[in-house]
Amino acid sequence: MPRNNETQESSENRRTGRFEPYPVQSRRSDRGTATSDQTPRSGHLGNSGGSRSESSIPSRGSDPEQSSILGSTPSRVNEAEMVETTPHGGYPSSHGGSSGSDSEEGSTSIRSPPRMVVEAKMLETADHVGNAAYKLVPTQIGDDGRANWYTCSYPPGFWGVASDEHTLNQGVMQAYQHLSLERGTCDIGWTMFIQDLDKFDAVKKNEIESRVLKNTGRAENGQVTGLVTPKRTQYPPKARDDCPFCPRGGHGLIDCIVNVPEGESELDGCPICNSLNHLPSNCDAFRNMSLRDKVIWSVVKRANKPALKTRTPWYVMLHEWCNIVTYDSGLITGFPWSKRFTEIMKNDRTWLYLPQLQDKYDADREVEVLPVDPATASFYMIWKTYWEPEGLAWPSVLGPRD
1 MPRNNETQES
11 SENRRTGRFE
21 PYPVQSRRSD
31 RGTATSDQTP
41 RSGHLGNSGG
51 SRSESSIPSR
61 GSDPEQSSIL
71 GSTPSRVNEA
81 EMVETTPHGG
91 YPSSHGGSSG
101 SDSEEGSTSI
111 RSPPRMVVEA
121 KMLETADHVG
131 NAAYKLVPTQ
141 IGDDGRANWY
151 TCSYPPGFWG
161 VASDEHTLNQ
171 GVMQAYQHLS
181 LERGTCDIGW
191 TMFIQDLDKF
201 DAVKKNEIES
211 RVLKNTGRAE
221 NGQVTGLVTP
231 KRTQYPPKAR
241 DDCPFCPRGG
251 HGLIDCIVNV
261 PEGESELDGC
271 PICNSLNHLP
281 SNCDAFRNMS
291 LRDKVIWSVV
301 KRANKPALKT
311 RTPWYVMLHE
321 WCNIVTYDSG
331 LITGFPWSKR
341 FTEIMKNDRT
351 WLYLPQLQDK
361 YDADREVEVL
371 PVDPATASFY
381 MIWKTYWEPE
391 GLAWPSVLGP
401 RD
């Protein structure tokens, strides 16, 4: 890909400077509507010198073990080229073609970066003769899917769409810098493909098989995308008390921090029964508990985690317990996240790396490794966030209010 000397940082700055991630995949610009500040320019990926990619629809593979037209996740795209980046912060370059694009880009400053998309999905479709096609689409409500956007994906990486050569060049370099510094390695591979919307629509008309992959690392049915075919299963059978949501297990639902449905901010399912089939409010075991035990399950066991989805909020149960004689001051060691904090976590790319944080927590069950919500960090903050707005008095058993 051509390099722009006026907009590219020095190699030292690339290794140490701050940056934001950019997209690493391309999309046809003639199907999208350009925004006022993101007009597609010349130098489209299809004729950009050394980075030219073909847009033919891939046919059914010849792998005898392949049980699906779409195949496993690593082969789901029309791979135009697999590039191994050069070590120590270097970037692959191309010295051929598209000089006109160079002159245009050399006369302008760096354009506005592609917009961040929190949630996106890859649509895969296959027809009756084995043709497969793919499309990247933002999933935010009201999003028209215009070009020049990016999103973080899990496992750690990037999805994105670029409508011109300049955006693509900047995207690849920025994504490389981000991943190499964050993950501590310069050995990063990447895949590029032409997103042909006309061919996607043509294959879609005769579709016999389809799949939706989310940037969260899960398919539409909740299955981990890397486990599409049984032969790829990497985890041993789970114990009966393992989390019914997480594929690897290692913890029960009561200790899960990732099972929060889209559009919600509380843990799904009933941790008392370790089941996704009902909520605590519909659980006889939870309803028949003493107030102390309800506080243990909804507050103590959910410290520094998303709150349980209960009919009576956890902070109301906590307030009631603080005002009865069975209150135990040594029981409370932390508090659940507020809905707002959970929403912030879900709208940040940090949420995509929470499975790794879950693994760290599962190793020794030390709640200190989990993020603390400032709005629920202490009894005083519980009072400011919940009790005072709802007219609940400060419990005298807690002593003077700070």
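Take the sequence shown: its letter number 231 is residue 231 in UniProt numbering, and every next letter is one higher.
All C-beta atoms in this analysis are idealised placements derived from N, C-alpha and C, irrespective of residue type, glycine included.
Please read all numbers here as calculations on a predicted model, not as lab measurements.
(1) Report the rounded CA-to-CA distance for F379 versus A120, giving the unit in angstroms.
(2) Tell me whether the segment 312-324 and the segment 357-365 touch, counting them as touching only if at least three CB pairs, one residue from each stretch, are closer than 8 angstroms.
(3) Can you give the Cα-Cα distance for D268 and R302, rounded to whole angstroms?
(4) In whole angstroms, give me the CA-to-CA distance for G399 and L392.
(5) Please state whether DSSP places D337 in a helix, a strand or coil.
(6) Thinking C-alpha only, which one of V367, C152 and T342 is nearest I261?
(7) Quick check: P244 and S290, are their CB atoms within less than 8 angstroms of each other?
(8) So who's on the other strand from F379, going by DSSP bridges?
(9) Assign D328 to one of two classes, buried (16 or more other C-beta atoms within 10 Å of its C-beta) or exposed (fewer than that).
(10) Hey, quick one: how far does the alpha helix (DSSP H) through L291 stretch, first residue to last?
(11) Got a sec? Which residues, its chain only, sit under 8 angstroms from residue 427 by beta carbon, not counting five neighbours each side?
(12) If you drop the 5 nearest sequence neighbours on each side, which residues of the same chain put their C-beta closer than 6 angstroms to that of V203?
(13) Kindly indicate which three-state DSSP category K301 falls into: helix, strand or coil?
(14) Who are the Cβ neighbours of T151 in its own chain at under 6 angstroms, not counting the five residues just before and after it?
(15) Measure the alpha-carbon distance for V299 versus N148 and round it to whole angstroms.
(16) State yes or no: is the beta carbon of C246 nearer than 8 angstroms to at least one beta carbon in chain C?
(17) Could you name the residues that DSSP lists as bridge partners for S210?
(18) According to DSSP, F158 sits in a beta bridge with which residue or residues?
(19) In the DSSP assignment, the beta strand (DSSP E) including L398 goes from what residue to what residue?
Inspection of the coordinates gives the following:
(1) Roughly 38 angstroms separates the two Cα atoms.
(2) By the C-beta criterion, the segment 312-324 is judged not to be in contact with the segment 357-365, since fewer than 3 inter-stretch pairs fall below 8 angstroms.
(3) Distance between the alpha carbons of D268 and R302 is about 13 angstroms.
(4) C-alpha separation (whole angstroms): 15 angstroms.
(5) According to the sequence shown, residue 337 is Trp rather than Asp. Coil.
(6) Before going on, a small fix: residue 261 reads as Pro here, not Ile. Relative to the Cα of P261, the nearest Cα in the group V367, C152 and T342 belongs to T342.
(7) Cβ atoms of P244 and S290: not closer than 8 angstroms.
(8) Looking at the DSSP output, F379 shares a beta bridge with no other residue.
(9) Flag for D328 reads exposed.
(10) That run of the alpha helix (DSSP H) goes L291 to V295.
(11) Lying before the first or after the last residue shown, residue 427 is absent from the chain, which here runs from 1 to 402.
(12) Annotation for V203: T125, D127, N131 and A133 place their beta carbon closer than 6 angstroms to its own, counting only its chain and skipping 5 residues before and after.
(13) Of the three classes helix, strand and coil, the one that applies to K301 here is coil, per DSSP.
(14) Taken in chain order, the residues that qualify are V117, A120, W159 and N215.
(15) C-alpha separation (whole angstroms): 43 angstroms.
(16) Absent from the structure: chain C. Only one protein chain is present.
(17) DSSP, once it has assigned bridges, lists T125 as partnering S210.
(18) DSSP lists C152 as partners of F158.
(19) Note, L398: premise wrong, no beta strand (DSSP E); not H, not E.
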